[in-house]
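Below is one structure, written out as structure tokens; comments come after it.
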Amino acid sequence: MAQVMIIGGDVPADLVARLEAEHDIGYGTHADLRSATPHEGIAAAEAMVLIGQPTIDEAVLQRAPRLKVIALRAVGYDKVDLDACARRGVVVCNTPDVLSRAVADLTVGLLLGALRQLRRGVDHASDGWSQGAPKPPLGSDLRGKTVGIVGFGSIGREVARTCAAGFGMRIAYTSRSGPSTSADFPGPGWLPFEDLLALSDVISLHVPLTPETWHLMDEHAFSQMKAGAYLVNTSRGGLVDEPALIAALRAGHLAGAALDVLANEPPDSDNPLLRMDNVLVTPHIGSATVETRRAMAHLAVDNVLRVLTGAPPATPVTTSPTLTSLERGPQ
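Okay, so the sequence shown: first residue is 2 according to my numbering, each after it adds one.
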């Protein structure tokens with residue numbers, strides 16, 4: 002029997018029972034991965050199920066010399082040193098696709114909240130309505146607006162479907178793979194990145210965080226966006242240069258932003274984005290539904306069981322994607 006460590010949270014009891022039927026189970030925290038005092042369970046672990054996204058680097062791997070597989074209950078793996086794992090023969094798995102609908106739902110909810118001035122409306126109802134304060138500014142209709150989707154994987158496509166079919170929005174998108182023959186939506190369709198910025202009323206980010214996409218949305222990108230446009234980000238906080246975003250909002254070039262992710266999580270208490278009345282912030286809850294989190298845990302457990310029996314995992318992370326073609330268009 003192998004030692005399987007569940008790190009950083011809980012897994013549904015019936016899924017734990019599946020693991021316990023074949024292996025020994027232990028629990029730990031993110032802090033245990035870097036504790037000065039060696040954690041016996043981590044030192045003996047052949048598999049880890051990671052809840053949340055702690056940094057996994059050479060220092061952590063040295064504390065787990067028997068490790069064979071890391072199963073992330075997440076899609077993103079930007080905090081995992083894939084090269085260090087490869088050198089040690091550690092298989093890394095994630096949980097793509099099963100959370101696409103949930104993240105897309107929240108994305109559209111944030112988009113709707115941004116355009117309809119939800120933050121200002123809630124603040125007014127809580128603080129000023131009964132005192133007769135002026136109502137917040139009028140919002141904007143979604144129908145007929147163009148949403149520019151940066152990254153056209155499973156989440157981006159779900160956002161496109163919902164925005165087009167549910168709200169009558171026009172769809173523009175950009176992706177490293179170029180135009181998609183299956184993307185049959187009203188609107189401009191595939192565009193080069195800077196053309197997308199200039200045309201879209203809303204920019205919605207759906208690319209992974211890599212060295213190439215770090216601060217994809219910087220001062221230059223914001224300057225290329227349509228005046229009065231909105232930014233929505235449910236992907237990774239590092240995609241956005243936050244000081245540049247704050248400057249664009251304060252200057253009035255952007256009308257607002259809706260963010261489920263920030264550069265630092267939890268954010269610093271003095272982060273201006275938390276206090277701006279045209280910015281809607283949620284605490285990284287894109288996949289946070291009972292059904293989706295269960296599906297993610299189920300896939301993570303499946304990956305562990307497969308690797309420990311010598312079978313290939315269902316959803317291995319093979320290589321870090323690069324998105325340099327995002328700006329250049331298809332090659």
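Glycine included, C-beta positions come from ideal geometry on N, C-alpha and C. Remember, it's a predicted structure, so these values are computed and weren't measured experimentally.
Check whether residue i and residue j have beta carbons under 7 Å apart
i, j, result
"R102", "E159", "yes"
"T235", "G152", "no"
"I204", "G149", "yes"
"L217", "L197", "no"
"N304", "A14", "no"
"G9", "I43", "no"
"L119", "L143", "no"
"A245", "E220", "yes"
"A85", "E59", "yes"
"R67", "V302", "no"
"H285", "D261", "yes"
"I7", "V50", "yes"
"H40", "D33", "yes"
"V282", "Y78", "no"
Supposed contact pair residue j and residue i - C-beta distance, whole angstroms, cut 8 Å
i, j, result
"R48", "V5", "Checking the sequence shown, residue 48 turns out to be Ala, not Arg. Going by Cβ atoms, the distance from A48 to V5 rounds to 5 Å, so yes, they are a contact pair."
"L83", "V93", "6 Å"
"V70", "V308", "4 Å"
Sequence-distant residues of its chain with Cβ nearer than 8 Å to residue i (five each side left out)
i, result
"M297", "R74, A75, T96, V99, L100, S288"
"M163", "What sits at residue 163 in the sequence shown is Thr, not Met. Taken in chain order, the residues that qualify are A105, D106, V109."
"D269", "none"
"P273", "I247"
"P313", "R307"
"A161", "V148, I150, F153, I172, Y174, A184, F186"
"R89", "L62, L68"
Pick from the options that is closest to residue i, judged by C-alpha positions
i, options, result
"V12", "V308, G149, V291, L112", "V291"
"I247", "A312, G42, V280", "V280"
"A166", "R88, V241, I156, D185", "D185"
"K80", "I57, A72, A87, L68", "I57"
"A3", "A115, D271, T310, I52", "T310"
"L200", "G229, T316, E220", "G229"
"G253", "T30, P268, P55, K227", "K227"
"A37", "Q63, A46, E21, Y28", "Q63"
"G169", "S131, H125, L113, S127", "L113"
"L275", "G90, E243, R89", "E243"
"D278", "D202, T182, D128, G145", "D128"
"G145", "A45, A46, D202", "D202"
"H31", "G90, Q54, S131, D271", "Q54"
"V1", "A46, T182, R35, E21", "In this structure the chain extends from 2 to 332, so residue 1 is not present and cannot be described."
Beta-bridge pairing of residue i - partner residues as DSSP gives them
i, result
"I7", "Y28, V50"
"Y231", "V203, G257"
"V151", "T175, L206"
"P317", "C94"
"G110", "G110 is not bridged to any residue."
"L73", "L51"
"G190", "A173"
"V280", "A258"
"V308", "In DSSP, V308 forms no bridge with anything."
"I57", "V81"
"M218", "V241"
Close Cβ partners of residue i (< 6 Å) along its chain, the five nearest in sequence each way excluded
i, result
"E195", "Q225"
"L232", "I204, A258"
"A249", "F223, L255"
"E328", "Bear in mind that the predicted position of E328 carries a pLDDT of just 36, short of 50, making it too unreliable to give a figure here."
"G238", "V262, L263, A264"
"G27", "M6, G42"
Cβ neighbours of residue i in the same chain (closer than 7 Å, five flanking residues each side left out)
i, result
"G188", "T147, R171, I172, A173"
"L324", "Bear in mind that the predicted position of L324 carries a pLDDT of just 34, short of 50, making it unreliable; the figure below should be weighed with that in mind. Around L324: R177, V208, T211, E213, T214."
"G122", "P137"
"I156", "S101, V104, A105, H207"
"H125", "A134, K136, P137"
"A315", "L300, D303, N304, R307"
"S321", "Interpretation of S321 is limited by its pLDDT of 40, a score under 50 that renders its predicted location unreliable; no figure is taken from the coordinates."
"R295", "P13"
"T293", "V99, L100, A103"
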